[in-house]
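Quick notes on the structure that follows.
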Amino acid sequence: MDGRFKISASAIMLLAASTFGAAANEKVTFGTNWLAQAEHGGYYQAVADGTYAACGIDVTIMQGGPQVSGRPLLLAGKIDFYMGGNMLQAFDAVQQDIPLRVVAASFQKEPQVIMAHPGQGLDRWEDLKNADQYIIGDEGAQSFFQWMITEFGFDPAKRVPYTFNPAPFIANPKSIQQGYVTSEPYAVAKEGGFQPNLFLLADYGFDTYATTIETMQATIDKRPEVVQCFVDGSAKGWYNYLYGDNAAANAAIKKDNPDISDEQIAFSIEQMKKFGIVDSGDTEKLGIGAMTDARIQSFYDKMVKAKVVPADVDIKKSYTLAFVNKGVGIDLKK
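Just so we're aligned, residue 1 is where the sequence shown starts under the UniProt record's numbering, counting upward by one.
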């Protein structure tokens with residue numbers, strides 16, 4: 001038989017994959033918004049265990065960091081998907097007439113917390129506004145802190161900048177400080193020797209989605225099968241990372257970010273489970289990555305009330321539900 005017409009079994013499998021899903025081994029780059037950590041575990045898991053490859057995409061994770069600006073790369077078409085923070089960035093894109101869309105929400109709850117010292121009269125959410133000092137960064141001061149002022153009467157005069165160093169908070173027992181539930185409490189316990197009170201903003205009404213998956217409308221239009229594969233693969237990756245064997249994913253995280261410890265990774269995973277960051281509420285029926293119109297509208301209305309965003313944003317342009325809410329991966333939960 002002429003060698004030019006020999007087709008191997010593997011080639012047939014690749015042809016089948018390209019017929020039924022994304023083009024076989026289509027290269028895809030996903031940019032994260034910070035250094036590799038457990039909070040990115042589902043994506044690393046889906047790379048490590050072949051979940052993305054199973055539906056035909058070859059995913060490279062490009063980690064972010066203090067010197068990396070990933071969203072401009074997405075806008076320029078240099079990367080295919082980007083890890084958003086919360087829905088505010090997507091609302092801003094609409095205001096700027098940028099055709100960016102959120103296609104899934106890996107976190108049902110933003111991990112943002114306010115921490116307080118125990119036994120200092122700051123043991124309830126209602127008490128926190130009485131703190132002597134609010135240690136909150138500039139970005140937080142322009143977003144969730146405005147909501148705290150509007151909804152709960154926090155005093156803007158008490159806010160001081162957060163420099164990502166817990167020492168001022170540890171030193172002042174009458175202060176409160178922002179943090180991520182997966183990160184800062186670990187640092188405070190290690191450096192301050194005490195477990196801070198934790199108040200997850202999501203549990204008090206700050207109902208944005210977080211760790212979103214963003215892509216451009218052109219990608220949705222031209223490569224919908226790639227978007228679906230990435231969204232589905234990410235959902236399965238999160239189930240396997242949280243409830244299965246995540247050793248290979250953690251090894252990949254540590255390879256990208258050698259400074260992270262096994263102890264920090266374990267703490268972050270425990271906190272994500274405890275507080276329902278990834279898997280809670282709507283995900284129980286709709287699957288990880290779930291989003292709803294009502295939830296996004298609710299958050300937008302709160303941000304309008306807090307004067308964080310204007311009242312005339314067409315938020316339906318900021319996201320699409322076409323790729324989520326299909327229950328993908330629920331069967332993997334153990």
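For glycine and all other residues, C-beta sits at the position ideal for the given N, C-alpha and C.
A quick note: this is a predicted structure, and the numbers were derived from the prediction, not measured.
Do Gly-42 and Gly-287 come within 8 Å of each other at the CB atom, strictly closer than that value? By 1-based counting over the sequence shown, the position of residue 287 is 287. By 1-based counting over the sequence shown, the position of residue 42 is 42. No, Cβ-Cβ distance for Gly-287 and Gly-42 is not below 8 Å.
Between which residues of its own chain and Gln-271 is the CB-CB distance below 6 Å, once the five residues before and five after are set aside? Reading the sequence shown from its first residue, position 271 is the one you call residue 271. Excluding residues within five positions, the ones whose Cβ falls inside 6 Å are Val-181 and Thr-182.
For Leu-14, name the three-state secondary structure that DSSP assigns. On the sequence shown, residue 14 is found 14 positions in, with the first residue counted as 1. Only weak support is given to the placement of Leu-14: the predicted model assigns it a pLDDT of 39, under 50, and the question is left unresolved by the model.
Could you spell out where the alpha helix (DSSP H) holding Ile-265 opens and where it closes? As a working note, residue 265 is residue 265 in the sequence shown. Residues 262 to 274.
What separation, rounded to the nearest whole angstrom, lies between the Cα atoms of Met-62 and Thr-51? By one-based count along the sequence shown, residue 62 stands at place 62. By one-based count along the sequence shown, residue 51 stands at place 51. If you take the alpha carbons of Met-62 and Thr-51, they lie about 18 Å apart.
Assigned exposure category for Lys-109 - 16 Cβ within 10 Å defines buried: For the purposes of this step, residue 109 is identified with residue 109 of the sequence shown, where counting begins at 1. Buried, since its Cβ has 16 or more Cβ neighbours within 10 Å.
Span of the beta strand (DSSP E), counted from its first residue to its last, around Gly-289: Here residue 289 corresponds to residue number 289 of the sequence shown, with the count starting at 1. Segment: none, Gly-289 is in no beta strand (DSSP E) and carries neither H nor E.
Under a Cβ-count criterion, where at least 16 other Cβ atoms within 10 Å of its own Cβ denotes burial, should Thr-60 be classed as buried or exposed? Position 60 of the sequence shown, counted from the first residue, corresponds to residue 60. Label assigned to Thr-60: exposed.
For Trp-125, which of Thr-212, Ile-170, Gly-192 and Glu-151 has the nearest alpha-carbon? The count along the sequence shown starts at 1 and reaches residue 125 at position 125. For Trp-125, the nearest C-alpha among the options comes from Glu-151.
Mind checking Pro-66: buried by the 16 CB within 10 Å criterion, or exposed? Within the sequence shown, numbered from 1, the residue matching residue 66 stands at position 66. Burial call: exposed.
Buried or exposed by the 16-neighbour rule on C-beta atoms within 10 Å, applied to residue 336: The shown model of the chain, from 1 to 334, leaves out residue 336, and the question about it has no answer.
Between Pro-196 and Met-115, is the Cβ-Cβ spacing less than 8 Å? Here the question's residue 196 lines up with position 196 in the sequence shown. Here the question's residue 115 lines up with position 115 in the sequence shown. Against a cut-off of 8 Å, the Cβ pair of Met-115 and Pro-196 comes out as a contact.
Can you round the beta-carbon distance between Glu-214 and Leu-35 to whole angstroms, since I take them to be within the 8 Å contact cut? On the sequence shown, position 214 is the one that residue 214 refers to. On the sequence shown, position 35 is the one that residue 35 refers to. With a Cβ gap of about 19 Å, Glu-214 and Leu-35 do not count as contacting.
What does the Cβ neighbour count give for Gly-64, buried or exposed, with the cut at 16 atoms within 10 Å? Position 64 of the sequence shown, counted from the first residue, corresponds to residue 64. Within a 10 Å sphere around the beta-carbon of Gly-64 sit 16 or more other beta-carbons, which makes this residue buried.
Considering only DSSP beta bridges, list what Thr-29 is partnered with. As a first step, residue 29 must be located in the sequence shown, where it is residue number 29. DSSP output for Thr-29 lists Thr-60 as bridge partner(s).
If you reduce the DSSP assignment to three classes, tell me which class Phe-206 lands in. On the sequence shown, position 206 is the one that residue 206 refers to. In the structure shown, Phe-206 sits in coil (DSSP, three-state: anything other than H, G, I, E or B).
Drop a sphere of 10 angstroms on the beta-carbon of Gly-233, count the other beta-carbons inside from all chains shown, and report buried for 16 or more, exposed for fewer. Your numbering for residue 233 matches position 233 in the sequence shown. Gly-233 comes out buried.
Closest by CA to Trp-207, which one among Phe-81, Phe-30, Asn-86 and Ser-69? The count along the sequence shown starts at 1 and reaches residue 207 at position 207. In the sequence as presented, Trp is not what sits at residue 207; that position holds Asp. Asp-207 has its Cα closest to that of Asn-86, out of Phe-81, Phe-30, Asn-86 and Ser-69.
Paired residues, beta bridge with Ala-74 - DSSP: Position 74 of the sequence shown, counted from the first residue, corresponds to residue 74. In the sequence as displayed, the identity of residue 74 is Leu instead of Ala. DSSP lists no partner for Leu-74.
Express the C-alpha separation of Ile-269 and Lys-326 in angstroms, rounding to a whole number. Numbered from its first residue, the sequence shown carries residue 326 at position 326. Numbered from its first residue, the sequence shown carries residue 269 at position 269. Whole-angstrom Cα-Cα distance: 25 Å.
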